[in-house]
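Here is the structure we will look at, set down as structure tokens.
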Amino acid sequence: MSPITLLAFLVVYFGVLLSVSHFTAKKSSDNATFFVANKNSKWYMVAFGMIGTALSGVTFISVPGAVGLSNFSYFQFVLGNALGFLVIAYVLLPLYYRMNLTSIYTYLEERLGHRSYKTGAMIFLISRTIGSAFRLYLVAIILQKFIFDAWNVPFAVTVAVCLLLIWLYTNKGGLKTIIITDMLQTFFLLLAVILSIFFMADGLGISVFEAFEKVKDSTYSQIFIWENLLGDKNHFWKHMIGGAFVTIAMTGLDQDLMQKNLSMKTIGEAQKNMLTFTGIFVVINLFFLAVGALLYIYVGEKGIDISALRTPDYLYPEIALNNLTLVAGIIFMMGLTAATFATTDSALTALTTSFCIDFLNFNKKENPNDPKLVRSRNIVHLVFSFIMLLVILGFRIINDDSVVTAIFTAASYTYGPLLGLFAFGILTKMQVNDKLVPFFCVLSPVLLFVLNTYYIIPYTTYRIGFELIVYNAVITCVLLLVTSPGRMSLEKQASLR
């Protein structure tokens with residue numbers, strides 16, 4: 000497919016996003032609008048838009064690509080995700096609404112202490128920056144390979160332009176703008192998935208229903224893995240438990256997705272949003288797996304040589320852009336762009352919110368909407384865009400692993416201590432030794448990494464999967480418990496109810 004055709008599409012696409020930004024921010028661009036959309040979001044709009052944010056370009060490319068090696072076993076992880084979303088809806092959201100939080104990490108200050116609060120917020124800033132950079136990196140290498148290499152544009156320029164465009168359409172309206180743009184981008188993402196199935200079925204000379212039958216009858220459709228609990232990372236219980244706790248940590252304890260849930264008027268609307276989102280999320284992931292199976296079936300029946308692909312992540316773009324019709328290629332690029340920018344714009348807004356609330360104390364100012372504070376917020380927003388640029392360029396140099404595995408492995412190490420802090424605060428009545436908390440949150444992942452790398456892998460048959468985050472959280476909780484000075488006072492317990 001011609002690079003100029005794809006570039007023209009991207010220009011039009013960003014033009015639409017900038018128009019939406021102008022419309023949503025022209026009435027108000029203060030901090031209340033940026034942080035929580037004036038607490039006036041509609042639950043059904045947020046539920047639909049969150050699909051694009053939660054799935055990202057990782058799901059769009061890596062999940063279909065991984066089907067060749069692990070079949071539909073990823074769906075076990077998705078079922079674990081669904082369980083985690085229920086915990087968020089009925090445990091975490093009521094807590095956040097009861098305390099009327101803008102930044103969810105304020106809970107840690109109330110329950111555990113000042114240093115615990117700052118540590119939790121810092122973990123989010125680091126983890127979300129890394130995770131979002133991974134996601135944008137994935138799309139940037141695709142854009143580079145299929146568009147910008149044709150004009151010898153440096154990779155750094157490709158990424159910088161992407162981040163600049165995201166900054167332009169989010170810096171005024173913030174969350175209020177993102178709720179609208181995410182709806183638009185989710186629509187494009189879902190349309191791309193459905194039409195990809197249609198175009199591949201058409202290429203195989205069968206109907207869409209026959210394509211689903213073909214997927215069902217193939218070896219790729221195997222979902223559940225019950226054998227070899229210790230040695231297989233894809234075992235059902237590892238995926239199920241890991242999926243639930245990764246979701247609780249990466250969604251429920253993540254300012255990004257929770258910020259949207261906190262932008263609604265009532266807890267009832269927020270829970271309705273989360274439950275609706277969960278149902279759509281499960282179904283859409285099944286569609287992505289079906290796309291993956293169809294890709295490999297298409298390759299096999301058409302005799303396409305994919306041995307030269309550096310990673311399975313390249314399979315979907317290779318088929319869509321070089322082996323299907325022009326329309327199919329444009330649809331693919333539309334979905335890929337929508338999936339990734341829905342994640343990145345939301346992440347930059349959440350990072351800005353967390354830093355402004357948790358470190359610059361905007362919520363404690365007499366007038367949070369003071370023009371000086373608005374300017375400070377814009378600067379913070381720009382700085383985080385630059386930091387993300389540097390991180391992505393670092394990945395360009397060192398990353399050679401499957402992106403989906405790398406993201407969740409990194410998240411398991413970095414979000415584990417955060418999960419441990421919240422679990423300790425919610426499940427126990429014990430105090431913590433606040434000054435030791437930052438040290439424990441560093442020690443826990445380091446200790447687990449050493450144990451896994453130098454003892455478990457070399458000397459046992461057990462292979463840790465996504466459940467790694469659980470072990471990380473448990474180590475953190477144990478460290479907090481053995482150094483606890485005792486139970487909270489009755490007055491403190493009453494204040495948290």
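At position 249 of the sequence shown the residue is numbered 248 (numbering that gives the first Met the number 0), and the sequence of numbers has no breaks. Cβ atoms here follow ideal geometry from the backbone N, Cα and C, with glycine treated the same way. Remember, it's a predicted structure, so these values are computed and weren't measured experimentally.
Item checked: Neighbour-count burial assignment, Val-403, 16 or more Cβ in a 10 Å radius -> Caution is warranted here: a pLDDT of 47 is assigned to Val-403, below 50, making its placement in the model unreliable, and the coordinate value is therefore given only provisionally. Buried: at least 16 other Cβ atoms inside 10 Å.
Notebook entry, point to check: Looking only at its own chain, which residues have a Cβ that is under 6 Å from the Cβ of Pro-2, when we skip the five neighbours before and after it?
Noted result: Excluding sequence neighbours, Pro-2 sits near Ile-146, Ala-149.
Notebook entry, point to check: Quick one: what does DSSP say Met-429 is sitting in, helix, strand or coil?
Noted result: For Met-429, the three-state secondary structure derived from DSSP is strand.
Next item on the list: Could you tell me which residues DSSP pairs with Arg-486 in its beta bridges?
Entry: Beta-bridge analysis with DSSP links Arg-486 to Met-429.
Check: Would you say Val-45 and Lys-259 are within 7 Å of each other, going by their C-beta atoms?
Finding: Yes, the pair counts as a contact, with Cβ atoms nearer than the cut-off.
Margin query: Just to confirm before moving on: does the CB-CB distance between Lys-434 and Arg-486 stay below 7 Å?
Written below: Taking 7 Å as the cut-off, the Cβ atoms of Lys-434 and Arg-486 do not count as close.
Next item on the list: Using three-state DSSP, classify Val-403 as helix, strand or coil.
Entry: Caution applies to Val-403, whose pLDDT of 47 falls short of 50 and renders its modelled position unreliable; the model cannot decide the point.
Notebook entry, point to check: Is the beta carbon of Gln-270 sitting closer than 7 Å to the one on Ala-81?
Noted result: Taking 7 Å as the Cβ cut-off, Gln-270 and Ala-81 do not qualify as a contacting pair.
Next item on the list: Give the secondary structure of Lys-259 by DSSP, where H, G and I count as helix, E and B as strand, and everything else as coil.
Entry: Helix.
Notebook entry, point to check: Considering only the beta carbon of each residue, do Gly-64 and Asp-312 sit closer than 7 Å?
Noted result: With respect to Asp-312, Gly-64 sits close: the two C-beta atoms are nearer than 7 Å.
Notebook entry, point to check: Relative to the alpha-carbon of Tyr-104, which residue among Gly-424, Glu-466, Leu-480 has its alpha-carbon at the smallest distance?
Noted result: When each option's Cα is compared against that of Tyr-104, the closest is Gly-424.
Next item on the list: Could you round the C-beta distance between Gly-241 and Ile-468 to whole angstroms and report it? I think they count as a contact, below 8 Å.
Entry: Separation of the CB atoms of Gly-241 and Ile-468 is rounded to 7 Å, and the pair is thereby assigned contact status at 8 Å.
Checklist line | CB of Ala-504 within 7 Å of CB of Ser-206, strictly | finding: No answer is possible for residue 504: it lies beyond the span of the chain, which begins at 0 and ends at 496.
Next item on the list: Report, in whole angstroms, the separation of the C-beta atoms of Leu-442 and Tyr-470, which I expect to be a contact under 8 Å.
Entry: Beta-carbon to beta-carbon, Leu-442 and Tyr-470 are separated by about 14 Å, too far to satisfy the 8 Å threshold.
Check: Would you report the Cα separation of Val-192 and Ser-18, rounded to the nearest angstrom?
Finding: Their Cα atoms are separated by approximately 25 Å.
Notebook entry, point to check: With 16 other CB atoms within 10 Å as the buried threshold, where does Tyr-12 fall?
Noted result: Residue environment for Tyr-12: buried (at least 16 other C-beta atoms within 10 angstroms of its C-beta).
Margin query: Determine whether the beta carbon atoms of Gly-83 and Ala-346 lie at a separation below 7 Å.
Written below: Judged by beta-carbon spacing, Ala-346 lies beyond the 7 Å limit of Gly-83, meaning their Cβ atoms are not closer than that value.
Checklist line | Ile-177 to Ser-131 span [Cα, whole Å] | finding: Each residue's alpha carbon lies about 16 Å from the other.
Checklist line | Burial state of Val-252, where buried means 16 or more other Cβ atoms lie within 10 Å | finding: The sequence shown places Leu at residue 252, rather than the Val named in the question. Classification of Leu-252: buried, given that the 10 Å Cβ count is 16 or more.
Notebook entry, point to check: Are the beta-carbon atoms belonging to Gly-464 and Pro-444 less than 7 Å from one another?
Noted result: Contact check for Gly-464 against Pro-444 fails: the beta carbons are separated by 7 Å or more.
Margin query: So, with DSSP's three-state summary, where would you put Leu-478?
Written below: Secondary structure of Leu-478 (DSSP, three-state): helix.
Checklist line | As assigned by DSSP and simplified to three states, the class of Gly-464 | finding: DSSP, reduced to helix, strand and coil, places Gly-464 outside both helices and strands of the structure shown, so it counts as coil.
Next item on the list: Only counting runs of 4 or more residues, tell me where the alpha helix (DSSP H) segments fall wholly within the stretch 102 to 137, in order along the chain.
Entry: Listed in chain order, the complete alpha helix (DSSP H) runs (minimum 4 residues) inside the stretch 102 to 137 are 105 to 110.
Item checked: C-alpha distance - Asn-70 paired with Asp-181, whole-angstrom precision -> If I take the Cα positions, the gap works out to 30 Å.
Note to self: For Thr-310 and Leu-135, I'd like the C-alpha separation in whole angstroms.
What the structure shows: Spanning the two alpha carbons is a distance of roughly 17 Å.
Notebook entry, point to check: Thr-348 and Val-138 look like a contact to me (Cβ under 8 Å); what is the Cβ gap, rounded to whole Å?
Noted result: With 8 Å as the limit, Thr-348 and Val-138 do not qualify as a contact, their Cβ atoms being about 18 Å apart.
Next item on the list: Mark Leu-426 as exposed unless 16 or more other C-beta atoms lie within 10 angstroms of its C-beta, in which case mark it buried.
Entry: Around the beta-carbon of Leu-426, fewer than 16 other beta-carbon atoms lie within 10 Å, marking it exposed.
Item checked: Ser-20 versus Gln-184 - alpha carbon distance -> For Ser-20 and Gln-184, the distance between alpha carbons rounds to 13 Å.
Next item on the list: Would you mind sorting Val-90 into buried or exposed? The rule is 16 or more other CB atoms within 10 Å of its CB.
Entry: Exposed, by the Cβ-count rule.
Notebook entry, point to check: From Ile-296 to Tyr-73, what distance separates their C-alpha atoms?
Noted result: For the pair Ile-296 and Tyr-73, the Cα-to-Cα distance works out to about 18 Å.
Next item on the list: Along the alpha helix (DSSP H) that carries Ser-384, what are the first and last residues, could you check?
Entry: If you look at Ser-384, you'll find it in the alpha helix (DSSP H) that goes 370 to 397.
Note to self: My output table needs one value for Met-332: the three-state DSSP class, helix, strand or coil.
What the structure shows: Helix, per DSSP.
Check: What's the C-alpha gap between Ile-60 and Val-160?
Finding: Rounded to the nearest angstrom, the two C-alpha atoms are 22 Å apart.
Note to self: Tell me which residue opens and which closes the alpha helix (DSSP H) that Ile-318 is part of.
What the structure shows: 314 to 321 is the extent of the alpha helix (DSSP H) around Ile-318.
Margin query: Does the CB of Leu-261 have a neighbour CB from chain B at under 7 Å?
Written below: The structure shown has no chain B; it contains just one protein chain.
Checklist line | For Ile-122 and Cys-440, believed in contact at Cβ under 8 Å, the rounded distance | finding: The C-beta distance from Cys-440 to Ile-122 rounds to 6 Å, short enough to meet the 8 Å contact threshold.
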